[in-house]
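Every letter in the sequence shown is one number past the one before it in UniProt numbering, and letter 205, counting from 1, is 205. Idealized CB from N, CA, C, for every residue including glycine. Structure first, commentary second.
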Amino acid sequence: MTPGAGRLPPSTEATGPAAGANVGVASINTASAPVLDNRVVLRVGEKQFFTTRATLAESHLLATLLSTEATHDGEYFLDADPEMFDQVMRFLRTRRFPLFYDQASGYDTAKYLELLVAAQFYQIPTLEMWLTEKRYLGAMNIKSEYKRYRLFGTDQITRMHELCWDREEQGRVLSISETKGKAHACPQKLWRHDGDQNKCMKARCFQLRSSAGVGPVTMRLLDVTVLVTKAEIRESVLSAGSYPDGPPPYQGGDGE
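Shown next as structure tokens:
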């Protein structure tokens, strides 16, 4: 018998373990492939976005982009404005139309026009129609009311905004008339009680200090008429409804 007889050739000895290793790797990759395929990395301009194919499905342009090959980094590149794409992504993720509104200046029509151009570019019919028809003009329910007040003393006059309207309201003074006269002054110097002795009675201000000699004092009196405006959001106008095929299937939270 020649030396080495009865032993398997070197190539045959390596075949068994190598095949077993390949099978193991293949089974792992097959299980994880659906999750990896669903996630997408977009680079819009100089900004990177992490999302899913299901989230982007409503945009015809993005759906077409995803049908092409990604770059060598695994990204899909789009040369567009990343700031406005933030608004587009917010809509695709939430199906909630944007609200660009400020009580002082009203609706930001210029920004809505920019978003309309973006909706047309990304081919998102639902968003484009909402913006074209200017439905955002009905997103705020604005109520206005005329109110008249008499303010007692300098403290109330300097704090007019605290007495005449709430924080969520906006007030505009229409007329002012100032005189001097006698009125109740809180013995505890609580300016909200000035002009209203009943408030002092309820708060027992007179029990904390001798009421002897306490009476009306001369102070500034201000009669003011204000227009108070309150804006409330109509959520139904901002809702685009449920997702056509259910919500996007987010996998975990990292990278979103």
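- prompt: Got a sec: does the ligand FMN put a non-hydrogen atom nearer than 8 Å to the Cβ of residue 136?
  reply: Ligands are entirely absent from the displayed structure, and the ligand FMN is therefore not among its contents.
Give the DSSP-derived three-state secondary structure of residue 236 in the structure shown.
helix
| Does the beta-carbon of residue 260 have 16 or more other beta-carbons within 10 angstroms, so that it is buried, or is it exposed? | Limits of the chain in this structure are 1 at one end and 256 at the other, which puts residue 260 out of reach.
_Cα-Cα separation, residue 192 to residue 142_ = 29 Å
Give me the residue from 163, 48, 69 and 105 with the minimum Cα distance to residue 89.
48
Next item on the list: Give the straight-line distance between the Cα atoms of residue 195 and residue 135, rounded to the nearest whole angstrom.
Entry: 47 Å
State buried or exposed for residue 98, treating a residue as buried only when at least 16 other CB atoms are found within 10 Å of its CB.
buried
How many whole angstroms separate the CB atoms of residue 148 and residue 225, which I take to be in contact at a CB cut-off of 8 Å? 5 Å
State the Cα-Cα distance for the pair residue 63 and residue 56, rounded to the nearest angstrom. 7 Å
How far does the alpha helix (DSSP H) with residue 93 in it extend, from its first residue to its last? 82–94
Notebook entry, point to check: From this set, 128, 81, 91 and 206, which residue's C-alpha is nearest residue 51's C-alpha?
Noted result: 91
What residue range is occupied by the uninterrupted alpha helix (DSSP H) comprising residue 153? 153–158
**Residue of 203, 108, 80 and 220 minimising C-alpha distance to residue 43** = 80
Q: Would you decide whether residue 113 is buried or exposed? Buried here means 16 or more other CB atoms lie within 10 Å of its CB.
A: exposed
Nearest-angstrom Cα separation, counted from residue 207 out to residue 238 = 54 Å
- Message: Going by DSSP in three states, residue 202 sits in which element: helix, strand or coil?
- Response: helix
request  = Please go through the same chain and pick out, in chain order, the residues whose beta-carbon is closer than 8 Å to the beta-carbon of residue 124, but skip the five residues on each side of it.
outcome  = 58, 59, 60, 88, 91 and 92
For residue 129, is the classification buried or exposed, using 16 other Cβ atoms within 10 angstroms of its Cβ as the cut-off for buried? exposed
For this session: From the DSSP output, read off the bridge partner residues of residue 140.
Result: 233
Buried versus exposed call for residue 153 [16 or more other C-beta atoms within 10 Å across all chains shown]: buried
Kindly say whether residue 83, judged by its beta-carbon, lies nearer than 9 Å to any beta-carbon of chain B.
-> The structure shown contains no chain B; it is built from a single protein chain.
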